[in-house]
Structure formats: structure tokens, C-alpha cells
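According to mature numbering (1 follows the signal peptide of the UniProt record, and there is no 0), the residues represented by the sequence shown are -25 to -1, 1 to 705, in order.
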Amino acid sequence: MTHVGIWSRRAALISAAVVSGGVLATAGFAASSPVRAPGGDTAVRDALAAVSGDADGLVAKGVQVDADGTRHVRFDRTYRGLPVLGGDFVAHSGRDGQFTRSQNAPLNVSTTPAVTAQRAAELAAGGFAGKPANSTPTLVVDATQGSAALAWKVTVLGTASDGTPNKLTVVVDAQSGAIRNAEDTLRTFVARGMKPAGAAAASASVAASGNGKGYQVGDVTIGVNSISGGYEMKDPNRGNGETRDANNKGDASGNTDPTVANSLSFTSTTTTFGDNTLNNRATVGVDAHFGIAATWDYYKNVIGRNGIKNDGVGVISYVHYYVNYGNAGWSDTCSCMIYGDGDVGSKPFTELDVAGHEMSHGVAAATAALGYSGDVGGINEANSDIMGTEVEFNANIPGDVPDYLIGEKIDINANGTPLRYMDKPSKDGRGSVDCWTTSTKNLDPHYSSGVGNHWYFLASQGSGASTVNGVNYDSPTCGAPAVAGIGHTTAAKIWYRALSTYYTSTETYPSARKDTIKAANDLYGTGNGAQCATVKAAWAAVGVGVQAGEAACATGNATPSPTPSATKPPTPSPSPTQGGTCNAQLVGNGGFESGTSPWTGDTGVIQAGGTVQPAHGGTRIAWLGGNGSAKTEQVSQSVTIPAGCKASLKFYLHIETQERGSTVYDKFTVLAGSTALTSLSNVNAAAGYVLRTVDLSAYAGQTVTLKFTETEDYSLKTSFVVDDVTVTTS
């Protein structure tokens, strides 16, 4: 229920806004009727002025709005109508309208290629290690390395020798034919060619609670969908995320994604799936399906992100991919994952931190569009390891006790050791590095990720020896002073804030240092700067020292999002009570602590509270709105008010909005039957919960349905969070 709003309300009718010549024009509208940038948003005007000449243009991809009104607008750049690789940047406009960051080197590039598209395709396919199927060249300007150059961006589709579906993006110099860059857009869990030690769209759904018996996760609860004659492994409560059986088929057709024709639905006549053994094909399906849920829950309840792409849509997992496939991968094209059963000597790749890892590649693509070569490739992989670890900590299940090891249950080395170590990445013996140097960019992303992983461990746990959940760690500092940790949750929130707000497609480790410092100040600048100080110390301890222009650690007010009050200890929800004729509490489960009954309404409204939206009392809430798109949600319950009694409805309501000004856009209404009793809106937003009271005495002697409903328009989210509902009579 937390979608990122579109930059301009009037431009929100489409998915992107095109900025050209100082005017914001929207695709699909007549050129003679441009939509002008808001007059007060000087960051946008400054961004327009930052690019040089009539040949340049900007495409606004989306916006993030903080509670204090600061906007962070992501732009892609074009040059003479051609996409500019590495031209993306973020314009940050505070309440004072200041523009604080841009990547805006002037461009002067010929747009006439000497190399034909056909020749570029041949050159790109020539470097493909597997079986190329087809390729599609697109003319671009490549500004990712050194001086900008005209280039062909060639997408080569095919299959690698190990069965991995490939979508190789090759950048070919359009004048010389030289290969400028090549990277695979299918993100895999292990480096390509690595072998284990012994190797020779949403439909109408009815949610149900399933009994999962997994191989890697053990016995867990999974979300399933009720169908005729039984249940299927699809989770309506999490965007219809689904897990399917790839039937040990690979990608013989050359397509980059598994096809529906090659996969089978997991179904059962009961709500039980799997039997904890590999003899039952649904067993590893349970692993992957629980991974979908655990990742969704972490991002929604801890981070405040509604699905991988923040659109409320779930993802698809394909298990039993290919034959003896020793890897897992994420494809942004289909928002799907593939999981192999493991090569000889290893176990299925359906471990929980692998699921969190792969889906976090989708988050990286949807936010900063992180690349996959150079430093940024390592940052991309580190992001997935960091968030995969957080998913594991947040789930905290007996079948996979949280740790700072990556892929330890896969046993890829056939000796009980993990794939990667976060405390000291070089312990893997495969080439991962503990410390950053200017040569780190030349490594495979799975090995250059060591710098980011090491930073996260140091920021979380600190340096030196430590023990967590029975696992011993000993983290070095690359010759820098010792580091005191701030906890993994805080470290990950800082990292995610930097990813979603500051990182770009060409991020480097030095720029990541600067951006995480900003993020720490954004989130924790109201204290003594301890979090920011640890961020700096941890970067120094991985070889990334002080950078020119980096921020000092703030100690003043800085609140990009509402700072939640401490969550109160769980308290039982009020139950209907019977006293004298007029002495009763009529609402059942008013604190939502006992599931959803007897409430009815939209699926997902009643949920666990978290850091983003904490409960008023107990741990659960009814969260209506927060979508940033046109949507209506409701939750209701019927009560019978005794004749001759006075009755009072009381509830706690927290309203949080991205809207500004006094115009009503998003509404919250309390109804008795079809009669509106009171209405509130984005204009009533305030910090914390406010007790609201409505007189129901007029309904004495009647059974009435009390309904909380919200209606949002098409842009800029408003959340209406309800808790501790009572109806008392007197």
C-alpha cells in the first residue's frame, strides 16, 4: 500500500513525463498542449538548465516525496533523440527548491554511425559464449566510461552452455566497431561458469493459508489460492505471487525467460504442499514460495515498499529449472526467478537468502537501475546480498537461522561452507575482495560485491570477533581504525535509502560512500550523528576514504519520512462485552490482533504494523490507502446497538500524505450503512495517531454496518491507518 507517486499530478495519467526545452510534455498529449513544470519546483528548472543545448532532453521516470516536502525526481537523458547510457541523475528539491545533484557533462557527439546495425549485431554475437538466438541493435550515446561516444546497444538473446537463459547487452562503438561494454541482464546468484566441488498477470483469487513442507525452509505457512477441487501455489495476499514447476526444461527456444508452456502449476487437493523431501517436486516449490512471501513482507513491513516494483504486483518463481542447473537468476523482463536443483555435489538453490537476493535485483532495477559491470556491478550484487540477508533476519525461521553467510544451505562446496562471507569476503577463496581499490571495477560483480558486503557487516556488527546466533565472525578493517556497529536493521535502512534516493546506474564505491552518508543524515540526523559516523568508519574500513564534497554528519532535524513512535507491547484486541442493558463494548477484534474476523473488506488492509506504519496498540493495523494511484479500499463490521442506549464509536487514526496544500485529493470516510458519519482527507494529515469519536446513539435498537473506506486519486499517496476501534454503550 505504498506506491511511489508520479512526479506531476497532471502528468500522472501516463507512466513517464518527457522534459524538453524547459517544458514538461507528456507522451500521448498533443505537442501544442504541453504540461508545464510546477513553478515552485526550481529543481526541475535547474535540471533543465544543467543540460547543454537544444539537442538534450530529459525523461522524468518517477518521484519520491519525503514528509517534509522534499522531492527526489529521477531523470533519464537523451541527446538528439537518442538514449544516453549513464545519463541518468536525480534532482533533489527541498522545501526551498534547491537543486542538489546532477550528472550533466555537455555532449557533442556525431549521430551518424560508420558501423551498420547488422555489423554491430555480428560483432556482439561473436563474443557470446553460448548459443546466440537473435539480436536487436539500437543506436545510443554511451556516456558510461570516459568521453561519450555514439554506439550500438545490442541485445543478444540465447542460452549459455550451462543452460542459463542469457540476455546479453553489448555496447559496440558505432564508429570503430570496438566493444565498449558487455553485461548480462539476467542476474544470477553465482558467477557464470562456477561449479560445485563435486561437479563432473493477476486473476480473481481467494486467499488461503497453506501448510508448506520445504526442503531448505522446513515447515512454514505459505499463501495459497483456492481453486476448483483444491489449491494452487499462488498468494493473493502478496500480489498473486506464484511458484511454478519448470519441469526441468531450459531455454531451447532462445527466449530469455521461461515460458508458461514449459511450466506447470503446483496444485494440491489440500492446503498442504511438499513433504520435506526431494522426492516430492512441490517441496522446493515451498522453499521458493515462502521466499516470495518473506521478501514481500520485509520490503512492505520494514521498508515500506509495496512489491518489488512498488506496484503491488507479485512475482513468479520457476523451480526445477533445466537439468542439474547450479544457479538461480532474476529476469526483470518477466519479473520472475529461476531456481536450479543444483549440480552434482550441491543442493537446490531455493534457500531463503537466495530468494531475497534475486528479488532485490528487481528492486535495484526499479529504483536506481544499477548496472552490472564496473563498481556498480559489485554494488548491484552487494545490494542483493544485503537485502537477502535482511529478509532472512526478518523471517527468523528455525529452518534457516539468520546469519551473515550467503548460500550456506546450498552447500555448493560440498563441505558445508557457504558461497560468500560478509564479515571477510576473501574467505571464499574464489576472488572476492575485502577492500576497495581502483582495480575492483575489473572484477566479476559477484567478487567485487565483497566491498559492499564487508561494509554492511562492519556497519551492522562492527569489526573484530563477534558471534551471532551461534556463528563466529572476525571482520578486518583494511588497516583502518576499529568500527562499532549500529545493527543490521539500521545499516540496511541507510543502504536502501541511498539506493532508492541517490544511487544511479553508474554508481561507484566512492560515490556510494557519499550517498550513504546523505542517507544516514536523512534518516537519523536528529540524534548525535552516531549512525552517520559509523557509515563513514565502515567505508574507511573497506578502503573507501574521505571523498571530496562529502557531507558532514548532521545533528539537526532531518526527517524524510515520519519517525514512528515506539511500538507498544502487544495487547489483546478488545472483544465484544456484555454488561448491563447499556454497558457494553460491541466491536470484535478492534485492534486487529486476532486476524481479520469478524471484519470484512479488501484483502491486505488488515496487516502487521511495522517501522513505516507502527500500530497504536499491539502489533497490527488496518492500513487503507498509501497506493499513490486511483483506488478505493474498505474494511467493515456489523454491530447491534441495544435500544435505549447511547453509543460512541472511537478509533485511533494516523493520516500521512505526500500531498501539499489545502486541496482535498484523497478521502477517508466513516459510514453507518450508506450514511457518511464523518470524513477526513489528506488535508488532515498529522504526525502520530489521533483519537476520533463519532456518536452512534441515533442507531440504538438497530444492527448497523460500520465501514471505514478510503478513496485515492491517481497520484501522490495518502495513508489512513486505523487501530484500536471500539463501540461502547452507556
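Where a beta carbon is used, it is the ideal one built from N, C-alpha and C, also for glycine. Given the structure is predicted, the values throughout are model-derived calculations rather than measurements.
Would the stretch 588 to 603 count as touching the stretch 696 to 704 if we require 3 or more Cβ pairs under 8 Å? yes
Do the CB positions of V580 and Q612 come within less than 9 Å of each other? In the sequence shown, the residue the question calls residue 580 occupies position 605. In the sequence shown, the residue the question calls residue 612 occupies position 637. Result no, Cβ atoms of V580 and Q612 do not sit closer than 9 Å.
Is it right to say D43 is buried, meaning 16 or more other beta carbons lie within 10 angstroms of its own, or is it exposed? For the purposes of this step, residue 43 is taken as residue 68 along the sequence shown, with counting starting at 1. So D43 ends up on the exposed side.
Starting from the Cα of V129, find the closest Cα among A100, Q120, S122, Q150 and give me that residue. Translated into positions along the sequence shown, residue 129 becomes position 154. Nearest option by C-alpha distance: A100.
Would you kindly work out how many angstroms separate the C-alpha atoms of A660 and T686, rounded to a whole number? Residue numbering aside, residue 660 sits at position 685 when the sequence shown is read from its first letter. Residue numbering aside, residue 686 sits at position 711 when the sequence shown is read from its first letter. The straight-line gap from Cα to Cα measures roughly 15 Å.
Does the separation of the CB atoms of A268 and I197 fall below 9 Å? By 1-based counting over the sequence shown, the position of residue 268 is 293. By 1-based counting over the sequence shown, the position of residue 197 is 222. Cβ atoms of A268 and I197: closer than 9 Å.
Run of the beta strand (DSSP E) containing H429, from where it starts to where it stops: Stepping through the sequence shown from its first residue, residue 429 is reached at position 454. Here H429 belongs to no beta strand (DSSP E); instead the alpha helix (DSSP H) covers 420 to 436.
Under 8 Å by Cβ, that's how I've got K284 and G337 pegged, so tell me the actual separation to the nearest angstrom. Indexing the sequence shown from 1 puts residue 284 at position 309. Indexing the sequence shown from 1 puts residue 337 at position 362. That pair is a contact at about 7 Å.
Please classify W574: does DSSP put it in a helix, a strand, or coil? Sequence index remark: in the sequence shown, residue 574 carries index 599 (1-based). Note: W574 maps to coil in three-state DSSP.
Could you tell me the alpha carbon to alpha carbon distance between T552 and G663, rounded to whole angstroms? Within the sequence shown, residue 552 is the residue found at index 577, counting from 1. Within the sequence shown, residue 663 is the residue found at index 688, counting from 1. With a pLDDT of 48 at T552, under the threshold of 50, the modelled position of that residue is not reliable, and no figure is offered here.
Three Cβ pairs or more, each shorter than 8 Å: is that satisfied between the stretch 291 to 305 and the stretch 250 to 264? yes
Return the first residue and the last residue of the alpha helix (DSSP H) that A508 is part of. Your numbering for residue 508 matches position 533 in the sequence shown. A508 -> alpha helix (DSSP H) spans 505 to 515.
Quick check on K692: buried or exposed, where buried means 16 or more other Cβ atoms within 10 Å of its Cβ? Counted from its first residue, the sequence shown places residue 692 at position 717. Classification for K692: buried.
Cβ distance (whole Å) where G427 is taken to contact I354 below 8 Å: On the sequence shown, residue 427 is found 452 positions in, with the first residue counted as 1. On the sequence shown, residue 354 is found 379 positions in, with the first residue counted as 1. Right, the Cβ-Cβ distance comes to about 6 Å (below 8 Å), so this counts as a contact.
Note down, in chain order, each residue of its chain lying with its Cβ closer than 6 Å to the Cβ of S423, except the 5 sequence neighbours on either side. Taking the first residue of the sequence shown as 1, we reach residue 423 at position 448. Take S423, set aside five residues on each side of it, and the residues of its chain with a beta-carbon closer than 6 Å to its own are G353, T415, in chain order.
Whole-angstrom distance between S649 and P58, CA atom to CA atom: Start at 1 with the first residue of the sequence shown, and residue 58 comes out as number 83. Start at 1 with the first residue of the sequence shown, and residue 649 comes out as number 674. Approximately 52 Å, taken between the alpha carbons.
Since I believe K188 is in contact with G260 (beta carbons under 8 Å), could you give me their beta-carbon distance rounded to a whole number of angstroms? Within the sequence shown, residue 260 is the residue found at index 285, counting from 1. Within the sequence shown, residue 188 is the residue found at index 213, counting from 1. With a Cβ gap of about 10 Å, G260 and K188 do not count as contacting.
Using 10 angstroms around the beta-carbon of G565, count the other beta-carbons present and answer buried if the total reaches 16, otherwise exposed. Numbered from 1 along the sequence shown, position 590 holds the residue referred to as residue 565. It counts as buried.
Beta strand (DSSP E) segment containing W305, residue limits: The count along the sequence shown starts at 1 and reaches residue 305 at position 330. Segment 303 to 306, the beta strand (DSSP E) holding W305.
Does the stretch 431 to 446 touch the stretch 386 to 404, meaning 3 or more C-beta pairs lie closer than 8 Å? yes
Alpha carbon to alpha carbon, how far is D378 from R488? Give it in angstroms, no decimals. Looking up residue 488 in the sequence shown gives position 513. Looking up residue 378 in the sequence shown gives position 403. Cα to Cα, R488 sits roughly 24 Å from D378.
Whose C-beta lies closer than 6 Å to the C-beta of Y499 among residues of the same chain, with five residues either side of it excluded? As a first step, residue 499 must be located in the sequence shown, where it is residue number 524. Same-chain partners within the cutoff: Q506.
Backbone secondary structure at E97 - three-state DSSP: Here residue 97 is taken as the residue at index 122 of the sequence shown, counted from 1. Annotated three-state conformation of E97 is helix, per DSSP.
What's the call for V319, buried or exposed, on a 16-neighbour Cβ count within 10 Å? Stepping through the sequence shown from its first residue, residue 319 is reached at position 344. By the 10 Å Cβ count, V319 comes out exposed.
May I ask you to report which of helix, strand or coil DSSP gives Y689? Along the sequence shown, read from residue 1 onward, the residue named residue 689 stands at position 714. Y689 falls in the coil class under three-state DSSP.
For P81, list the residues DSSP reports as bridge partners. Sequence index remark: in the sequence shown, residue 81 carries index 106 (1-based). Per DSSP, none; premise fails for P81.
Could you give the uninterrupted runs of the alpha helix (DSSP H) lying entirely in the stretch 223 to 302, keeping only those of 4 residues or more? 257 to 273
Own chain, CB closer than 6 Å to G282, minus 5 neighbours either side, in chain order: Position 307 of the sequence shown, counting from 1, holds the residue named residue 282. Within the same chain, G282 has close Cβ partners G214, V288.
For the stretch 459 to 467 against the stretch 321 to 338, do three or more pairs of beta-carbon atoms, one drawn from each stretch, fall closer than 8 Å, so that the two count as touching? Too few Cβ pairs lie closer than 8 Å, so no.
Could you give the uninterrupted runs of the beta strand (DSSP E) lying entirely in the stretch 310 to 378, keeping only those of 3 residues or more? 311 to 314
DSSP three-state assignment for N156, whether helix, strand or coil: Here residue 156 refers to the residue found at position 181 when the sequence shown is read from its first residue. If DSSP states are grouped into helix, strand and coil, N156 belongs with the strands.
Just mark L666 as buried or exposed, buried being the case when its beta carbon has 16 or more other beta carbons within 10 Å. Locating residue 666 in the sequence shown gives position 691, where the first residue counts as 1. Flag for L666 reads exposed.
From S637 to I278, what distance separates their C-alpha atoms? In the sequence shown, the residue the question calls residue 637 occupies position 662. In the sequence shown, the residue the question calls residue 278 occupies position 303. Each residue's CA atom was taken as its position, placing S637 and I278 some 29 Å apart.
Taking the C-alpha atoms as reference points, what is the distance between A343 and A35? Numbered from its first residue, the sequence shown carries residue 343 at position 368. Numbered from its first residue, the sequence shown carries residue 35 at position 60. Taking the straight line from one Cα to the other gives about 13 Å.
Between K384, Y627, S348, which lies nearest to G374 when the distance is taken from Cα to Cα? Position 399 of the sequence shown, counting from 1, holds the residue named residue 374. Among K384, Y627, S348, the Cα nearest to that of G374 belongs to K384.
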